[in-house]
Each structure stands twice: as structure tokens, then as C-alpha cells.
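Residue numbers (the working numbering): 4 to 223.
Step one of this worksheet: look at the structure below.
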Amino acid sequence: MFQPGLSTKSLPSVTASGLVLARLQANGDWVKWGAERACPHPFGTLPPEVDSCEKWLNCKSDFLTKYLSKVLTDLPSCPCSYPLEAVYSAVNLRDEQQGKSFRWRDASGPKERLDIYKPTARFCLRSMLSLDSTTLAAQHCCYDEHTRLITRGKGAGVPNLISTEFSPELHYKVDMLPWILCKGDWSRYHAVRPPNNGQRCADNPTEEEYLSQLQEAKEY
4 MFQPGLSTKS
14 LPSVTASGLV
24 LARLQANGDW
34 VKWGAERACP
44 HPFGTLPPEV
54 DSCEKWLNCK
64 SDFLTKYLSK
74 VLTDLPSCPC
84 SYPLEAVYSA
94 VNLRDEQQGK
104 SFRWRDASGP
114 KERLDIYKPT
124 ARFCLRSMLS
134 LDSTTLAAQH
144 CCYDEHTRLI
154 TRGKGAGVPN
164 LISTEFSPEL
174 HYKVDMLPWI
184 LCKGDWSRYH
194 AVRPPNNGQR
204 CADNPTEEEY
214 LSQLQEAKEY
């Protein structure tokens with residue numbers, strides 16, 4: 004079974020696009036297989052008296068540690084400002100730390116349900132998979148009404164371990180279901196999936212607002 008970054012040079016008869024698709028599918032099977040065995044919950048069912056969020060937070064394995072490390076290393080950093088042209092089409096943005104450009108697309112549509120998952124965000128971006136992607140992950144970044152990156156708090160985007168481009172269903176299981184199991188307490192969720200601020204953008208929201216959101220999350 005393929006693993007992220009595994010060489011496919013031994014399969015010359017497959018077309019480039021077909022090979023990429025096959026590799027991504029195999030990677031998806033590998034990620035799902037590893038995740039379900041490394042951390043059977045939230046994929047399984049827990050009795051009501053068990054804190055499902057705590058169970059997820061404490062789920063640690065070499066598999067998940069290595070995959071998350073690869074994700075955090077290979078994904079682009081969030082731009083400090085939302086590129087308004089992304090509203091209309093995908094955009095290419097250069098990441099100086101990575102030394103190359105990445106394609107991004109808007110992630111602010113109705114299906115994203117920002118009102119539920121990112122309540123203070125006005126815009127969001129998600130990086131796109133490419134021919135040289137080594138994981139199935141996508142960077143997810145969210146912005147306020149002034150197009151400034153939200154670096155912390157309940158409106159901040161976090162890396163998606165599985166891109167919606169590859170599998171909306173697997174993305175839901177791996178990235179969204181844990182948030183639901185934590186009952187929307189973003190502070191617990193962010194402890195495992197911290198928002199990206201690789202470009203060292205200005206803190207947003209302010210410290211006062213952030214602490215207010217944190218208190219609200221704890222009292223929920």
C-alpha cells in the first residue's frame with residue numbers, strides 16, 4: 004500500500020494524472036486504515052458517560068504523530084490577508100518559507116457553515132492538492148470582515164488532515180467530527196490542531212477579545 008511520498012517510478016505504464024489519482028486513493032486508504040486503528044474513536048461509538056472529546060484529545064500514536072508532523076511541515080502558511088480575487092477563482096500565492104507557490108481556493112460558501120464552525124470569520128481559504136502533494140492535507144485559514152487573518156479563537160482556521168478535494172466524507176470523520184465531539188469547544192480542539200500563523204501575522208482578535216472567547220468556550 005502506498006504511503007505519503009512513496010516513489011511511483013516503478014509504474015511507468017500509468018498516465019501521470021491517473022497515477023496521481025491512484026496514489027491519492029491509496030494514500031487515503033492508508034490514512035483511514037491508520038487513523039481507525041490508531042484512534043478507533045471518534046470512528047466508533049462511545050457510551051454516553053464517556054467524554055468523547057477527552058478520548059480524542061488523549062488519542063496518541065506513532066502513526067498520527069508522524070502524519071501530523073508531515074502535514075505541518077509540508078503545508079503552506081496562511082496569508083496574512085485574504086486575497087479578494089479568490090472569491091471568483093483559484094489563486095496562486097507564493098510561500099516564501101517553502102520557496103514555491105501554492106494554489107488556494109475560497110472556502111467561504113454556504114456548505115462550509117462558517118456561522119457554526121467559524122462564527123467570527125467572514126472569509127476562509129483552503130489550499131489545494133497538487134501533483135507533488137505528499138499528504139492528503141490542506142491548510143485552512145479564516146479572515147475577519149477586514150480580510151485580516153484570524154490567528155486564534157473561535158473563528159480561526161486549522162489544518163485539515165484530509166482535504167475536501169480528496170474526500171468530503173473522510174474529511175468530515177477526521178477533521179469535523181472531533182470538533183463536534185468537543186461540543187464546539189474550540190479551545191480543546193485547537194490544543195491538538197493549532198491554527199497556523201507561520202507568517203507571524205498580527206494577533207487577531209485582540210487579547211481582550213480572545214480571553215473573552217476563551218471564557219465563553221469554557222462555560223459552554
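Where is the CB? At the ideal position from N, CA and C, for every residue including glycine.
- The residues 126, 146, 150, in chain order, have a CB closer than 6 Å to that of residue 85 in the same chain once the five nearest residues on each side in sequence are set aside.
- The Cβ-Cβ distance between residue 98 and residue 72 does not fall below 8 Å.
- From the listed residues 158, 60, 217, the smallest Cα separation to residue 128 is found for 158.
- Restricting attention to 57, 54, 68, 108, the CA atom closest to the CA of residue 168 is found in 108.
- Collapsing the DSSP output to three states places residue 149 in coil.
- In the three-state scheme derived from DSSP, where H, G and I count as helix and E and B as strand, residue 89 is classed as helix.
- Bridge pairing for residue 144: 128 [DSSP].
- When only Cα atoms are considered, residue 117 and residue 199 end up about 18 Å apart.
- One thing to note: residue 165 has its Cβ no nearer than 8 Å to the Cβ of residue 205.
- Annotation: residue 190 to residue 120 spans about 13 Å, alpha carbon to alpha carbon.
- Assigned with DSSP and collapsed to three states, residue 98 falls in strand.
- By the C-beta criterion, the region 99-106 is judged to be in contact with the region 128-138, since at least 3 inter-stretch pairs fall below 8 Å.
- Taking C-alpha positions only, residue 124 is separated from residue 156 by approximately 10 Å.
- Taking 8 Å as the upper bound for CB-CB distance, residue 162 and residue 75 are in contact here, some 7 Å apart.
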